[in-house]
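Peer 1:
There are 4 protein chains.
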Amino acid sequence: MSPQVGRKRDGTRDAVILDATLAVLAEQGYEGMTIDMVAAQAGMARATVYRRWPTKADLVLEAVSRLSHGDVQLDQLPDTGSLRGDLTAMIVPFDDEQQQIRIHAVAGLLALAKTDERLAETATAAGIGPWIEAGRFLMQRAVDRGEFPPADVATLAEVIPMLCVARAVQRLPITREFSLALLDGVILPALRGGREPSTERHPA
Amino acid sequence: MSPQVGRKRDGTRDAVILDATLAVLAEQGYEGMTIDMVAAQAGMARATVYRRWPTKADLVLEAVSRLSHGDVQLDQLPDTGSLRGDLTAMIVPFDDEQQQIRIHAVAGLLALAKTDERLAETATAAGIGPWIEAGRFLMQRAVDRGEFPPADVATLAEVIPMLCVARAVQRLPITREFSLALLDGVILPALRGGREPSTERHPA
Amino acid sequence: MSPQVGRKRDGTRDAVILDATLAVLAEQGYEGMTIDMVAAQAGMARATVYRRWPTKADLVLEAVSRLSHGDVQLDQLPDTGSLRGDLTAMIVPFDDEQQQIRIHAVAGLLALAKTDERLAETATAAGIGPWIEAGRFLMQRAVDRGEFPPADVATLAEVIPMLCVARAVQRLPITREFSLALLDGVILPALRGGREPSTERHPA
Amino acid sequence: MSPQVGRKRDGTRDAVILDATLAVLAEQGYEGMTIDMVAAQAGMARATVYRRWPTKADLVLEAVSRLSHGDVQLDQLPDTGSLRGDLTAMIVPFDDEQQQIRIHAVAGLLALAKTDERLAETATAAGIGPWIEAGRFLMQRAVDRGEFPPADVATLAEVIPMLCVARAVQRLPITREFSLALLDGVILPALRGGREPSTERHPA
DNA sequence: GCCTAACCGAGACGGTACGTCCGGTCTTTTT
DNA sequence: AAAAAGACCGGACGTACCGTCTCGGTTAGGC
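Residue numbers (my numbering), protein chains in the order written: chain A, 1 to 204; chain B, 1001 to 1204; chain C, 2001 to 2204; chain D, 3001 to 3204.
1) I need the DSSP call for Gly2011 of chain C, collapsed to helix, strand or coil.
2) Given 8 Å as the limit, is there contact between the region 3137-3155 of chain D and the region 2151-2160 of chain C, that is, 3 or more CB pairs closer than that?
3) Starting from the Cα of Lys2056 of chain C, find the closest Cα among C:Glu2133, C:Ala2020 and C:Pro2078 and give me that residue.
4) Check the Cβ-Cβ distances between Met3162 of chain D and every residue of chain C, and say whether any is below 8 Å.
5) Under three-state DSSP, which class holds Leu1077 of chain B?
6) Take Glu1097 of chain B as the anchor and find which of B:Gln1170, B:Ile1017 and B:Ala1026 has the nearest alpha-carbon.
7) Quick check: Leu2077 of chain C and Leu2183 of chain C, are their CB atoms within less than 8 Å of each other?
8) Within 8 Å of any Cβ in chain C, is that where the Cβ of Pro3189 of chain D sits?
9) Of all the CB atoms in chain A, is at least one closer than 8 Å to the CB of Leu1156 of chain B?
10) Which chain C residues sit within Cβ distance under 8 Å of Val3022 of chain D?
11) DSSP state of Ser2179 of chain C, grouped into three classes?
12) Any contact between the region 3157-3164 of chain D and the region 3126-3143 of chain D? By contact I mean 3 or more CB pairs, one from each, below 8 Å.
13) With 8 Å as the threshold, decide whether the Cβ of Asp3036 of chain D is near any Cβ in chain C.
14) Pull up the CB-CB distance for Ile2101 of chain C and Leu2188 of chain C, whole angstroms please, since I reckon it's below 8 Å.
15) Within 8 Å of any Cβ in chain D, is that where the Cβ of Ala2134 of chain C sits?
16) Quick one: is His2069 of chain C near chain D, going by C-beta distance under 8 Å?
17) Out of B:Thr1175, B:Asp1014 and B:Gly1193, state which residue places its alpha-carbon closest to the alpha-carbon of Gln1099 of chain B.
18) Only counting the same chain, and skipping five residues up and downstream in sequence, which positions put a Cβ closer than 8 Å to that of Ala45 of chain A?
19) Give the residues of chain A in contact with Arg1176 of chain B, contact being defined as C-beta atoms less than 8 Å apart.
20) Let's see if you can read the secondary structure: which residues bound the alpha helix (DSSP H) around Met3090 of chain D?
21) DSSP state of Thr2055 of chain C, grouped into three classes?
22) Any idea if Arg51 of chain A is buried or exposed, counting beta-carbon neighbours within 10 angstroms, 16 or more meaning buried?
23) Could you tell me whether the Cβ of Gly81 of chain A comes closer than 8 Å to any Cβ of chain B?
24) What in chain C is Cβ-close to Arg3102 of chain D, meaning under 9 Å?
25) Assuming Leu1191 of chain B and Phe1148 of chain B make a contact with CB atoms under 8 Å, what is their CB distance in whole Å?
26) I need the boundaries of the alpha helix (DSSP H) containing Leu163 of chain A, first residue and last residue.
27) Decide if Val1005 of chain B is buried, meaning its Cβ has at least 16 other Cβ atoms within 10 Å, or exposed.
28) Quick one: using the 10 Å Cβ neighbour count with 16 as the cut-off for buried, is Leu172 of chain A buried or exposed?
29) In whole angstroms, what is the alpha-carbon distance linking Val1064 of chain B and His1104 of chain B?
30) Just the Cα atoms here: how many angstroms apart are Thr3012 of chain D and Gln2041 of chain C?
31) Rank D:Ala3181, D:Val3169 and D:Arg3084 by C-alpha distance to the C-alpha of Ala3142 of chain D and give the top, closest one.
32) If you measure between the beta carbons of Ile2017 of chain C and Val2049 of chain C, is that distance less than 8 Å?
33) Mind checking which residues open and close the alpha helix (DSSP H) that includes Arg3192 of chain D?
34) Which residues in chain D have a C-beta closer than 8 Å to the C-beta of Val2186 of chain C? List them in chain order.
35) State yes or no: is the C-beta of Val1106 of chain B within less than 8 Å of the C-beta of Val1165 of chain B?
36) Using a Cβ-Cβ distance cut-off of 8 Å, determine whether Leu3138 of chain D contacts chain C.
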């Protein structure tokens, strides 16, 4: 169809630009981020960025979307035998700097949700959706194998990622300790607590 | 001290401007909001806005900060006898439009958290801080009177507000059903579950 | 008729304001002049200025108009016997600072001529009109008594004032030397030259 | 030297903007002129104007400065044999509309002379300087060839241009008749009159 | 090995919001 | 009622950024 004559677009630049976008986004937030900053960080011209993504929003959207590739795959999830082990194994690598950028980028992106209709559901979904989905899968597996009684797994799976993003918005560091506190203070107790409303008092 | 000469600043206008700010912010997000829009909505000149707040960020910051006044008071919290009753009573009024604006304004403000250092801790804290604090108080009281075993109340109290904001960011409505699902699916089960790690399987 | 209750308007302030206007106008020009500057220079509030003159243009107009009062009167013109003596006598007092302000104020006022229709003919007329008129009177008298042949006195009378203003516009000082050069290099030669076109060469 | 990378600035736009500036300036004066008006008149964006001239004053300054290009050249002055013929030939083309704009623009610019130090000598010099210089050249030539006795040519050359500007300030039209009246009523008589002070009466 | 089309860097351009400043009006307190 | 102080409305100024366009120069392919 397209004879594809002429110089080919340098495909390797896409990734460089997206990385630069994430870096600037994490540091400056959406407001403070400038296409010029991204281009400078990536070491190329503004036009090269615009040739690939028509607007700042598109650029940021794809940059955050790419976060879902390559790190969390449902078929490579840990299987330690207990949910706590599984989730801990998943949480630990989030200590590295790459993941810090990831979460802070999502936080920086929230600016757009109100402005750009398309980002409404996509933004956070792309950034932390796979994380949520992985957690949901692990929890459901634990329930299915009888480790816990039936529970509102879908809602529980959102808790850790969302509260991590909330911390990022407040410029607080996302430490493993914090994630583990959520795990032991909210997720596991909730799963142990089961679905039925508690009306009787617990035994003193 | 100062004998206060000259025409007095019309103090009632501050509130009008802040209300207009919240309305525009909730509808357009920080990006889409314009000082002109706010001034037009408030029915006054741009300069009148700038006389009070030097920058758009300052204006939005105070608008959201004011959210913490007048609606949630620790000494007027419900006391129904059970935590579920208390939290339900607190959740229900959040159905009204004023509270919708409040939450959506916080969501619209997140854009700034990365750009403006001052907003880092203040933004969310001012918007939903009192809400979190009230929940924490009610939960602690329930634990203290033996309704639940000891728990990480501080963390649990953040869950409902944060996830509501997260929904607002995604342009989803904050319904009472959603809040109650969080209550019954996360908070109460977690409190019932207690602090100790569960290692044994639950009885089938 | 008017019972004239309340505090009386302090009539002395008008002159203070007008003097301040001239001073600022001469220094800053019309563009650079601010009502605030005038009020500060006069040591009173802006409103006090506006109560007397509705607009900046009116204020400046009257300030410059007042220049025509009190210093040049047709019935008190010098009469030395020769035109050169008369004009020299009239020129000399223009060395003082008051007259410098006068001329520089006229120059500073020119800004308005294009903007404000009313100032079109009034502006320069008020500032230098009496000066022109006095010169015209003296020249006509000299012609009438036979000191010079008939000449286009009306036009000649404009030359010195206009070129002085032109110098003021260029921020050059208006010295007596300059005025005398005009007198001896333009006015008197022109009057000597008479009205008839010169076609024959002058005798070497 | 500089390899001139990037899109080239459209050089033709400078002239369009300057023409628009002169047109608006002549019509509205400096006060009434707006960068938006100029941009609209020139058919381009405000930023395009500001990219070339940082301030309104700079723009107007250059617009008026450009007036000195292309119309009065010392090596193309008329040579009719008599000074009156030369000056008349030079005056006549000033009837056209382009020259009207020129003079009125200079008049409109005078507003700035006091505000902007740079305009002090440049403004009028650029607008009417070449005109003055041309007149001075023609007069000096006439004196040199013995058409007139020695005279203060430098001062005389300023008379016609300055009084024309003065008329423009007063919103009066600059007609050929007016210029000729100056020529026959001031310039030529003054040249005929010569340099020596007249003390004796002219013969009846 | 050249031609051609597309790429790239650099920056002009249109448009729009920001935050400042000033002219002119209005309000409050003091004299 | 005038005066001092200053809030208020309206609008222009000059800056910065977004997204588009244009320009030289370079780099693939296809012939």
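Note that the Cβ used here is the ideal one computed from N, Cα and C, for glycine as well.
Here the structure is a predicted model, which means the values were calculated and not measured.
Peer 2: Once the coordinates are examined:
1) Reading the third sequence from its first residue, position 11 is the one you call residue 2011 of chain C. The answer is coil: DSSP assigns Gly2011 of chain C none of H, G, I, E or B.
2) no
3) In the third sequence, counting from the first residue as 1, residue 2056 of chain C sits at position 56. Cα-wise, what sits closest to Lys2056 of chain C is C:Ala2020.
4) Numbered from 1 along the fourth sequence, position 162 holds the residue referred to as residue 3162 of chain D. Met3162 of chain D counts as touching chain C.
5) In the second sequence, counting from the first residue as 1, residue 1077 of chain B sits at position 77. Three-state result, Leu1077 of chain B: coil.
6) Within the second sequence, the letter at position 97 stands for residue 1097 of chain B. Nearest option by C-alpha distance: B:Ala1026.
7) Working through the third sequence from its first residue, we reach residue 2077 of chain C at position 77. Working through the third sequence from its first residue, we reach residue 2183 of chain C at position 183. Not in contact: Leu2077 of chain C and Leu2183 of chain C (Cβ atoms no closer than 8 Å).
8) Translated into positions along the fourth sequence, residue 3189 of chain D becomes position 189. Yes - at least one Cβ of chain C is within 8 Å of the one on Pro3189 of chain D.
9) As a first step, residue 1156 of chain B is located in the second sequence; it is residue number 156 there, counting from the start. Yes, contact with chain A.
10) As a working mapping, residue 3022 of chain D is identified with position 22 in the fourth sequence. It should be noted that the sequence gives Leu, not Val, for residue 3022 of chain D. Near Leu3022 of chain D there are no residues of chain C at all, since even the closest Cβ is about 13 Å away, more than 8 Å.
11) By one-based count along the third sequence, residue 2179 of chain C stands at place 179. In this structure, Ser2179 of chain C counts as helix in the three-state DSSP scheme.
12) yes
13) Here residue 3036 of chain D is taken as the residue at index 36 of the fourth sequence, counted from 1. False, the Cβ-Cβ gap to chain C never drops below 8 Å.
14) By one-based count along the third sequence, residue 2101 of chain C stands at place 101. By one-based count along the third sequence, residue 2188 of chain C stands at place 188. Not quite, the Cβ-Cβ distance comes to about 28 Å (not below 8 Å), so this is no contact.
15) Within the third sequence, residue 2134 of chain C is the residue found at index 134, counting from 1. For Ala2134 of chain C, the answer is no, since every Cβ of chain D falls outside 8 Å of its Cβ.
16) Against the third sequence, residue 2069 of chain C aligns to sequence position 69. For His2069 of chain C, the predicted structure reports a pLDDT of 49, less than 50, and the residue's modelled location is therefore unreliable. The matter cannot be settled from this model.
17) Indexing the second sequence from 1 puts residue 1099 of chain B at position 99. Checking every option, the nearest Cα to that of Gln1099 of chain B belongs to B:Thr1175.
18) Here residue 45 of chain A refers to the residue found at position 45 of the first sequence. Excluding sequence neighbours, Ala45 of chain A sits near Ala39.
19) On the second sequence, position 176 is the one that residue 1176 of chain B refers to. The premise fails here: Arg1176 of chain B is roughly 15 Å from chain A at the closest Cβ pair, so nothing lies under 8 Å.
20) Against the fourth sequence, residue 3090 of chain D aligns to sequence position 90. Element bounds for Met3090 of chain D: Leu3083 to Ile3091.
21) Within the third sequence, the letter at position 55 stands for residue 2055 of chain C. Thr2055 of chain C: coil per DSSP, three-state reduction.
22) Position 51 of the first sequence holds residue 51 of chain A. Burial call: exposed.
23) Stepping through the first sequence from its first residue, residue 81 of chain A is reached at position 81. Not one chain B Cβ lies under 8 Å of Gly81 of chain A.
24) As a working note, residue 3102 of chain D is residue 102 in the fourth sequence. Within 9 Å Cβ-Cβ: nothing; Arg3102 of chain D doesn't reach chain C, min ~14 Å.
25) Sequence index remark: in the second sequence, residue 1191 of chain B carries index 191 (1-based). Sequence index remark: in the second sequence, residue 1148 of chain B carries index 148 (1-based). With 8 Å as the limit, Leu1191 of chain B and Phe1148 of chain B qualify as a contact, their Cβ atoms being about 4 Å apart.
26) The residue labelled residue 163 of chain A in the question sits at position 163 within the first sequence. From DSSP, the alpha helix (DSSP H) with Leu163 of chain A extends over Val153 to Val169.
27) Here residue 1005 of chain B corresponds to residue number 5 of the second sequence, with the count starting at 1. Exposed.
28) For the purposes of this step, residue 172 of chain A is identified with residue 172 of the first sequence, where counting begins at 1. Burial call: exposed.
29) For the purposes of this step, residue 1064 of chain B is taken as residue 64 along the second sequence, with counting starting at 1. For the purposes of this step, residue 1104 of chain B is taken as residue 104 along the second sequence, with counting starting at 1. Between Val1064 of chain B and His1104 of chain B, the C-alpha separation is close to 10 Å.
30) Numbered from 1 along the fourth sequence, position 12 holds the residue referred to as residue 3012 of chain D. Numbered from 1 along the third sequence, position 41 holds the residue referred to as residue 2041 of chain C. If I take the Cα positions, the gap works out to 47 Å.
31) For the purposes of this step, residue 3142 of chain D is identified with residue 142 of the fourth sequence, where counting begins at 1. The option with the nearest alpha carbon to Ala3142 of chain D is D:Arg3084.
32) Taking the third sequence and counting its residues from 1, one reaches residue 2017 of chain C at position 17. Taking the third sequence and counting its residues from 1, one reaches residue 2049 of chain C at position 49. Yes, the pair counts as a contact, with Cβ atoms nearer than the cut-off.
33) As a first step, residue 3192 of chain D must be located in the fourth sequence, where it is residue number 192. Unbroken alpha helix (DSSP H) run through Arg3192 of chain D: Leu3188 to Gly3193.
34) Along the third sequence, one-based indexing puts residue 2186 of chain C at 186. The contacting residues are Asp3152, Thr3155, Leu3156, Val3159, Val3186 and Ala3190.
35) Your numbering for residue 1106 of chain B matches position 106 in the second sequence. Your numbering for residue 1165 of chain B matches position 165 in the second sequence. For Val1106 of chain B and Val1165 of chain B, yes; Cβs fall inside 8 Å.
36) Here residue 3138 of chain D corresponds to residue number 138 of the fourth sequence, with the count starting at 1. No, Leu3138 of chain D lies away from the interface with chain C (no Cβ there is under 8 Å from its Cβ).
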